[in-house]
Every structure is written in C-alpha cells, then in structure tokens.
Amino acid sequence: MVPQGSPIRSVAQLKGKKIAVAQGSSANYHILALLKKGGLNVKDVTLQYLQPAQALAAFASGHVDAWDVWSPFTEEALATDHGRILATGAGLGTVYSFEVASRAALADPAKAAAIKDYLKLLDEAYLWTNTHQQAWATDWANATGLSDGIMLQAARDSVTTPVPITPAVVSSEQSISDAFTAAGLIPVHVNFADYSVATFNSAVTSGQGKSS
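Here the sequence shown is numbered in the numbering used here, starting from 377 and rising by one per residue.
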C-alpha cells in the first residue's frame, strides 16, 4: 500500500523509498518478490522493520512511503488512513501458513495424537469461516477491537483453504526460503523439507487439510 495521495504508481517507483514491513513475515517475502518483479532489490529501498501497530502509525503519519502487510491491517489502513493498493500478491506464487510443533512432541504418541485432533478441529474451523463470513467477522471484530465492517472485508479477503503437505507445498516454501537467502536476510541455505512432515495429512477434512 501507499498513501492515497502518493505519486507512486508502480513498484519501480519505490526505488529510494522507505517501506514498512514486519521482518521475516509473509509480507517480507511479498515485498522481496514484488521488488524483483519490478526490477529492484532490497538495496534499492530502505526496509523499515516494524510490527503492524508500529507500521500503521508510521504509515498514517507519512514516515514511510509504503507498507506491505496482511489482513486485517490492510483493510484497516484502507478504511481509516486512506491508503491505496499499489500491488497485490497476484502472480507471485502461493503463500502458505504452517502449524509448528517440536520434534519431541511429534515423537510422543500422546502428543502426536493431540496434534492430529487439533489439526482436524482447525481445518473444520477454517472451512466454517469461509462459509460463515459474517459470523466470523463479528467474532474476529470482538477479538481485535476493529469494526464489523472492516473485519467482514478482511474475512472476504482472507479465505483460507486447508491443504495437506505435498511436494508442491514444500517446493513453494523452499522458493520463499531461497528468496530470503538470496537477499541476505537468511545467512545460510535452509532445506525446508527437513522441517516439514506429512504425518498428519490424514487429518485433512474432506480431502482438504491445513499445511502441518
């Protein structure tokens, strides 16, 4: 996003600008991919590593030229601070979120069974939110303190489809890790396959299950 009155109309025009983003987040990868697509890299801009609450204040006050963030902060900024979408994630690949457990928990049969039960419930919850957006928006609004209107738009923008861990998922996440390494934001190569398991794919609900 850029402020509504910003003269910036393309990613290429971000050269030399300050961009707020949460370090190590999906938005951090998003800005790396956007810059590359626009013929730039992290050395062409100044990344201001700010968590969403700090970034919102910086964006609203004009201390940064752009802000890369996720729902519901995008919807909040658009509704209250007159932001304008400069670019979305369209064409930049698939971004997944993951559930994380320790190796010790995975090795413990009782804990592994509990994790499987948790993933089943979580998958069902995600699928429910996708078909009950108004109810979900109301609950989400109560949790965040944001308005029902903002959260309803966020619910519509943030539909989550649970999927099992597959080679394609691992490959997609590997490309993200490699992008961070290439940008110098991760000091070494990380083999994502070493940190993913397909053990809980059987928890998938109706052929769909959240990455685990």
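Beta carbons are placed, not taken as given, at the ideal position from N, Cα and C, and that holds for glycine.
Everything numeric in this text was worked out from a predicted model, so none of it was measured.
On the three-state DSSP scale, how would you describe residue i?
| i | result |
| --- | --- |
| R479 | helix |
| K412 | helix |
| I541 | coil |
| G459 | strand |
| W512 | helix |
| W446 | coil |
| T557 | helix |
| P593 | The structure shown does not extend to residue 593, since the chain spans only 377 to 588, so no value can be given for it. |
| L423 | strand |
| I562 | coil |
| A396 | strand |
| T520 | helix |
| S382 | coil |
| T581 | strand |
| A466 | coil |
| S353 | The chain is shown only over 377 to 588; residue 353 falls outside these bounds and no answer can be derived. |
| V573 | coil |
| D441 | coil |
| V418 | helix |
| S587 | At S587 the pLDDT is 42, less than 50, meaning the model places this residue with poor confidence; the figure from the coordinates comes in the next sentence. Looking at S587 - three-state DSSP - the assignment turns out to be coil, as it is neither helix nor strand. |
| S402 | helix |
| S548 | helix |
| D484 | coil |
| M377 | coil |
| Q389 | helix |
| T536 | coil |
| N567 | coil |
Our contact map puts residue i next to residue j with C-beta atoms below 8 Å; I'd like the distance itself, whole angstroms only.
| i | j | result |
| --- | --- | --- |
| T575 | D499 | Actually they do not touch by this definition, with Cβ atoms about 15 Å apart. |
| A531 | Q509 | 4 Å |
| L503 | P538 | 7 Å |
| I526 | E451 | 5 Å |
| I395 | V440 | 6 Å |
| N432 | A388 | The question names Asn, but residue 432 is Leu in the sequence shown. L432 to A388, Cβ: 25 Å. No contact. |
| V421 | L390 | 6 Å |
Pick from the options: whose alpha carbon is nearest that of residue i?
| i | options | result |
| --- | --- | --- |
| S548 | L468, A486, Y502 and A513 | L468 |
| V378 | I552, A453, A559 and D493 | A453 |
| F556 | K393, P383 and N404 | N404 |
| K492 | Q427, V573 and N518 | V573 |
| N577 | Q550, S551, V545 and S447 | V545 |
| K413 | P485, W446 and T464 | T464 |
| S534 | N518, L522, W512 and I541 | W512 |
| Y623 | A559, P543 and I384 | Examination of residue 623 is not possible in this model, given that the chain is present from 377 through 588 alone. |
| A398 | R385, I384, Y425 and G392 | Y425 |
| L423 | G400, D554 and A429 | G400 |
| Q529 | W516, A409 and I541 | W516 |
Decide if the segment 452-465 is in contact with the segment 474-482; the criterion is three or more beta carbon pairs, one per stretch, under 8 Å apart. no
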